[in-house]
Structure formats: C-alpha cells, structure tokens
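Remember, this note's numbering sits 3 above the position in the sequence shown when you count from 1.
Glycine included, C-beta positions come from ideal geometry on N, C-alpha and C.
Below: one structure, written as structure tokens.
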Amino acid sequence: MYDVWQAPDVITAFGTFLAGSAACMGVVVAAIGLNTWKKQLKWQADRELAKSAFVGLKKRHDAVLHVRDPFGWSSETEIDTEDLFEGDIPFKKVEHKYQSRWNVLQEAKRDFYPIELEGDALWGSEFVDLCRELRRLEGELLLGIQDYVESHDPRYASQGFFSTRDEARENRALIHGFGKRDEFGPRYEKAVERIERFLRKKLEQDQS
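Below, the structure is given as structure tokens:
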C-alpha cells in the first residue's frame, strides 16, 4: 500500500498563517468599511440637517421682518367692530394686526424647534447657544410689541403710556426699525449671520 503523503510541518504552519492572516485582513477591511460607512452617514446627516436649518432660519428671519414692517396691508386691520365701542376700534385693530403677525413668527419658531433639538444631538452646545441668542432677541421684540400695542389703549389717551418721548421713540425704533435709534435690527441680523456661518461650515465640509 502507498503511504499517504503528509505536508511538512513548516508548510502546514505557513498555510495556517496565511489562513489566519486572511481572516485578520478581512476583519480589518470590514472595520475600515464600517468606519467609512459611519462617516458617510454622519456627513449626510449633517448636510440634511444644515439644509433644513437654513430653510427654517430663513422663514424665521422673514417673519421677524414682517412683524417689524411699518406699513403692511389694510386686510391686517380688518376686524368685526359690531360689538366694540367706537373709541376701542383703533386699539383693537392694532392689537389684531400685531397678533396676526406674531402668530406667523410663532409658527416659524415651532417648526424650527425640532431642528434645534436635532442640532443639539449632532453638533452640541455651539448651535444651541446661537439659537438661544435668537430666542432672547425675539423675546425682547415681543415685549416691545406688547408695549406698543398697549400704548394705543384708550385708557392712556390722556396721559400717555410711555414716561417720556424718548422712551416712545425707542419703542417705535424697536418695532419699526426706523433710523439710528434702531439697535435691535443690527443685533438680530448679526445673530442670524452667526447661525448661517455655522451652517455653511456644515454644508461645505468634505465627505471624508
């Protein structure tokens, strides 16, 4: 009978080494592929969120500009005056006008809120801090609008709502953005621009 040929130990060991190396290489390649895939997903998530944030920020910015528009449309002051005293009508028209405008901004802010939450999860505190400044300024505008509307209340027809003329002028500058007294407009624009710069960096970053 013929003897079964057996490979020398060195060949067997070399074959085992090759098999083990191939397995290790497979693990390395798989790990590299997984890491690349994760980076791809992160890049796509950043990009999609940045685009959504840009659109939401634009709507929010436009809504603020609309709130501060000193002119507007006659339809904004169309209300049912049947049950109102004649002296209350101008006040109620102003109240209706600014309530309608603020509702548009509120809707834009509600739509933007989920973007803020997702941005906090993906990008951290920097984005959240930028958005917080925007909210603070919008809160300042809201307080000014409340004062402006209340100043039209007939109760203040004789003595006036504001303590001084300068206070009244400052309020009108805040609400309408007139002249050199308008400090709110430039501050709000800078806050918007800071967010836009942040988002552009996310859109312009390399996929790698």
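Roughly how many whole angstroms lie between the Cα atoms of residue i and residue j?
i	j	result
Ile82	Ile92	9 angstroms
Phe201	Phe130	8 angstroms
Asp123	Arg203	17 angstroms
Asp132	Asp209	25 angstroms
Glu199	Ala176	25 angstroms
His69	Phe164	25 angstroms
Lys193	Leu144	15 angstroms
Glu170	Lys183	14 angstroms
Ser154	Ala160	8 angstroms
Ile118	Thr167	42 angstroms
Glu186	Leu140	11 angstroms
With 16 as the cutoff for other CB atoms within 10 Å, does residue i come out buried or exposed?
i	result
Lys2	Residue 2 lies beyond the range of the chain shown here (4 to 211); nothing can be said about it.
Leu206	exposed
Ala66	buried
Tyr191	buried
Leu120	exposed
Tyr101	buried
With distances taken Cα to Cα, identify the nearest neighbour of residue i among the options.
i	options	result
Glu2	Tyr101, Leu137 and Tyr116	Outside the shown range of the chain, which is 4 to 211, sits residue 2, and nothing can be said about it.
Phe115	Ala56, Trp76 and Gln162	Ala56
Asp150	Asp86, Leu52, Val97 and Arg113	Val97
Pro73	Arg50, Ala160, Pro117 and Arg104	Arg104
His99	Glu110, Ala111 and Trp76	Trp76
Arg158	Lys112, Gly90 and Gly142	Gly90
Asn106	Glu79, Trp126 and Phe187	Glu79
Write down the C-beta distance between residue i and residue j rounded to the nearest angstrom, noting that I regard them as a contact closer than 8 angstroms.
i	j	result
His179	Arg63	Contact flag wrong, Cβ pair sits at about 19 angstroms.
Leu108	Lys95	Incorrect: roughly 21 angstroms between the Cβ atoms, too far for contact.
Segments assigned alpha helix (DSSP H), at least 4 residues, entirely inside the region 103–161: The alpha helix (DSSP H) runs of length 4 or more contained entirely in the region 103–161 are, from start to end of the chain, 128–153.
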